[in-house]
Amino acid sequence: MWNKERILVTGGASFIGSHLVDTLLKKGSFVRVADDFSSGALKNLEYPLKQSGTSFWSYNNLEIHRGDLKDRDFTRSVVQDIDTIFHLAALHGGRGYIHTHPAQCCSNMILDQLVFEEAQRKGTNRVCFASSACVYPAYLQEETGSSYLLKEDDANPFSRDKAFADLEYGWAKLMGEMALKAYHRQYGMKTSAVRIFTAYGPRENETHAIMALIAKALIKMDPFVIWGTGDQDRNFTYVQDIVDVLILASMKIEDGTPVNSGRPDRLTINQACQLIFKIIGWHPKKIKRDMTKPQGVASRAADITRAIKILGWKPKVSYEEGFQNTINWYRNHKDINYVQKNLDRLLLER
Ligand SMILES: NC(=O)c1ccc[n+]([C@@H]2O[C@H](COP(=O)([O-])OP(=O)(O)OC[C@H]3O[C@@H](n4cnc5c(N)ncnc54)[C@H](O)[C@@H]3O)[C@@H](O)[C@H]2O)c1
Numbered sequence: 269m270w271n272k273e274r275i276l277v278t279g280g281a282s283f284i285g286s287h288l289v290d291t292l293l294k295k296g297s298f299v300r301v302a303d304d305f306s307s308g309a310l311k312n313l314e315y316p317l318k319q320s321g322t323s324f325w326s327y328n329n330l331e332i333h334r335g336d337l338k339d340r341d342f343t344r345s346v347v348q349d350i351d352t353i354f355h356l357a358a359l360h361g362g363r364g365y366i367h368t369h370p371a372q373c374c375s376n377m378i379l380d381q382l383v384f385e386e387a388q389r390k391g392t393n394r395v396c397f398a399s400s401a402c403v404y405p406a407y408l409q410e411e412t413g414s415s416y417l418l419k420e421d422d423a424n425p426f427s428r429d430k431a432f433a434d435l436e437y438g439w440a441k442l443m444g445e446m447a448l449k450a451y452h453r454q455y456g457m458k459t460s461a462v463r464i465f466t467a468y469g470p471r472e473n474e475t476h477a478i479m480a481l482i483a484k485a486l487i488k489m490d491p492f493v494i495w496g497t498g499d500q501d502r503n504f505t506y507v508q509d510i511v512d513v514l515i516l517a518s519m520k521i522e523d524g525t526p527v528n529s530g531r532p533d534r535l536t537i538n539q540a541c542q543l544i545f546k547i548i549g550w551h552p553k554k555i556k557r558d559m560t561k562p563q564g565v566a567s568r569a570a571d572i573t574r575a576i577k578i579l580g581w582k583p584k585v586s587y588e589e590g591f592q593n594t595i596n597w598y599r600n601h602k603d604i605n606y607v608q609k610n611l612d613r614l615l616l617e618r
């Protein structure tokens with residue numbers, strides 16, 4: 269289905285977006301990226317790009333357009349002649365970012381609605397939306413050491429008990445999902461929403477927990493600072509596993525039904541640190557727990573029954589393999605002296 273398909277990846281220069289672009293190009297698709305590079309970067313698209321003017325690059329089946337998708341004219345121009353949209357553009361970051369940038373997170377609602385409206389006007393066949401585990405009610409994730417797995421039906425904007433997303437960022441994603449169901453119901457547009465759980469992997473930035481911990485370990489921070497007790501857990505999910513769900517969901521779901529893209533098994537932050545120390549072969553003398561920093565919910569992992577049933581998907585990459593790949597990438601791509609000097613800013617700003 270993907271060979272010669274004309275695809276727009278909004279936010280395609282991002283961490284997840286760039287891996288999605290790589291996979292779609294390998295499948296033979298024509299891929300257009302629309303990105304303002306606010307957190308995404310051209311260097312994530314590792315191709316010998318040819319530049320024309322100040323905001324257009326290309327290489328074989330890849331086109332990159334720089335622009336702000338909150339500018340309707342730009343959005344209208346990039347959805348032209350497109351069969352499938354993967355909508356990943358968003359103002360987003362790790363816990364430190366979404367906690368300190370609530371207004372920016374709210375503005376994602378404008379961005380999403382413009383993309384959906386212009387897609388519908390131009391007759392785009394499919395839209396797949398990068399939603400988030402932050403759509404789930406925080407009260408289901410408050411128990412430290414919980415074994416509860418979040419099911420897709422736990423978040424529903426029309427339910428009195430289930431509409432209670434995690435911060436402004438989670439609410440904006442829930443509203444995006446709601447809109448895509450509405451576009452399907454009213455116009456028959458084929459839509460899907462993938463609830464991404466705590467992704468990690470090469471090209472991610474340090475506002476996210478695993479990259480932050482890897483950065484701190486590689487600069488040999490001692491005492492080694494962990495945000496919170498470190499007993500909070502997440503189902504860290506490797507980026508290629510997430511890309512696989514995005515592609516499968518856009519093929520197999522048409523009515524906006526959301527699907528979890530995450531693991532059912534989890535690691536505490538303390539366990540993640542130990543795995544990183546083991547791979548790097550270094551251990552700090554002292555660990556300091558900073559209780560003033562945002563920690564997010566206490567416990568989060570995904571029920572993947574729906575992904576198995578509808579998509580035939582299960583995560584393939586183990587924690588050991590995924591952490592090793594990510595550490596290798598960080599070592600080969602980052603200037604450790606620069607990271608050391610700029611760490612405070614890198615942990616909060618995308
Ligand atoms: N990384 C995760 O763990 C995670 C978890 C859940 C959901 N998501 C979602 O996945 C998507 C990709 O996230 P990511 O972590 O790869 O990186 P990211 O959040 O940095 O990616 C967002 C991309 O959108 C671009 N962008 C932002 N505003 C734009 C605008 N107005 N016009 C054009 N481009 C714009 C950025 O430059 C960037 O390339 C986002 O929608 C995010 O909300 C990510």
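Its first residue numbered 269, the sequence shown is counted upward by one per residue in our numbering.
Built from N, CA and C at the ideal position, the CB exists for glycine as well.
Please classify G524: does DSSP put it in a helix, a strand, or coil? strand
Please state if the CB of G524 and the CB of T459 are separated by a distance shorter than 8 Å. yes
Backbone CA spacing between N312 and E472 [nearest angstrom]: N312 and E472: Cα-Cα distance of roughly 10 Å.
Are the CB atoms of A357 and D429 nearer to each other than 8 Å? no
Verify the contact flag: G282, CB atom, against every heavy atom of ligand 1, threshold strictly below 7 Å. Checking the sequence shown, residue 282 turns out to be Ser, not Gly. Yes, since a heavy atom of ligand 1 falls inside the 7 Å radius drawn around the Cβ of S282.
Starting from F342, trace the alpha helix (DSSP H) in both directions and tell me its first and last residue. R340 to V347
Could you name the residues that DSSP lists as bridge partners for E331? R300 and S326
What is the DSSP secondary structure of K430, reduced to helix, strand or coil? In this structure, K430 counts as coil in the three-state DSSP scheme.
When we look at the beta-carbon of I576 and count the other beta-carbons within 10 Å, is it buried (16 or more) or exposed? exposed
Ligand 1 heavy atom lying under 7 Å from the CB of F354: The nearest non-hydrogen atom of ligand 1 is 7 Å or more from the C-beta of F354.
Identify, in the order they occur along the chain, each residue of the same chain with its Cβ nearer than 6 Å to the Cβ of A480, setting aside the five sequence neighbours on each side. E474 and L615
Check whether the segment 509-519 touches the segment 535-549, counting contact only when three or more Cβ pairs, one atom from each stretch, lie closer than 8 Å. no
With C-beta atoms as the reference, is I537 less than 8 Å away from I595? no
For R334 and S323, what's the separation of their Cα atoms in angstroms? 5 Å
At a cut-off of 7 Å, is I464 close to ligand 1 when judged by its beta-carbon and the heavy atoms of the ligand? Indeed, a heavy atom of ligand 1 lies less than 7 Å from the Cβ.
Go ahead and label I653 buried or exposed: buried means 16 or more other beta carbons lie within 10 angstroms of its beta carbon, across all protein chains shown. Residue 653 falls outside the range modelled here, since the chain spans only 269 to 618, and no answer is possible.
Could you tell me if G413 is buried or exposed, where buried requires 16 or more neighbouring beta carbons within 10 angstroms of its beta carbon? The residue in question, G413, is exposed, as its Cβ has fewer than 16 Cβ neighbours within 10 Å.
Taking the alpha-carbon positions, what's the V347 to P552 distance? 50 Å
When the distance is taken between beta carbons, is I275 closer than 8 Å to D351? Taking 8 Å as the cut-off, the Cβ atoms of D351 and I275 count as close.
Could you please give the first and the last residue of the uninterrupted beta strand (DSSP E) stretch that includes R568? Following the DSSP letters along the chain, one finds R568 in no beta strand (DSSP E), marked with neither H nor E.
Cβ of G564 within 7 Å of any heavy atom in ligand 1? Between ligand 1 and G564, a heavy atom-to-CB distance of less than 7 Å is absent.
Note down, in chain order, each residue of its chain lying with its Cβ closer than 8 Å to the Cβ of K338, except the 5 sequence neighbours on either side. Once the five neighbours on either side are set aside, the close Cβ partners of K338 are S375, I378, L379 and L382.
Does DSSP classify V607 as helix, strand or coil? helix
Does ligand 1 have a heavy atom nearer than 7 Å to the CB of D336? yes
Here's a check: name, in chain order, each residue in its chain whose Cβ is nearer than 8 Å to the Cβ of K561, leaving out the five neighbours to either side. G364, W495 and G496
Quick check: the segment 401-420 against the segment 483-494, are there 3 or more CB pairs under 8 Å? no
In the DSSP assignment, the alpha helix (DSSP H) including F591 goes from what residue to what residue? Looking at the DSSP string, the run of the alpha helix (DSSP H) that includes F591 is Y587 to H601.
Residue closest to L224, alpha-carbon to alpha-carbon, out of C402, E588 and W325: Because the chain in this structure spans residues 269 to 618, residue 224 falls outside the shown range and cannot be described.
Contact belief for E411 with S567 at Cβ below 8 Å, rounded distance in angstroms: Confirmed, about 6 Å.
Quick one: what's got a C-beta closer than 6 Å to A406's C-beta in the same chain, skipping five residues either side? Contacts found: D434 and V565.
What is the rounded straight-line gap between the Cα of I221 and the Cα of G530? Any answer about residue 221 is impossible in this case: the structure gives the chain only from 269 up to 618.
Can you give me the Cβ contacts of F465 inside the same chain, cut-off strictly under 6 Å, excluding the 5 residues immediately before and after it? A401, N503, T505, G530 and A570
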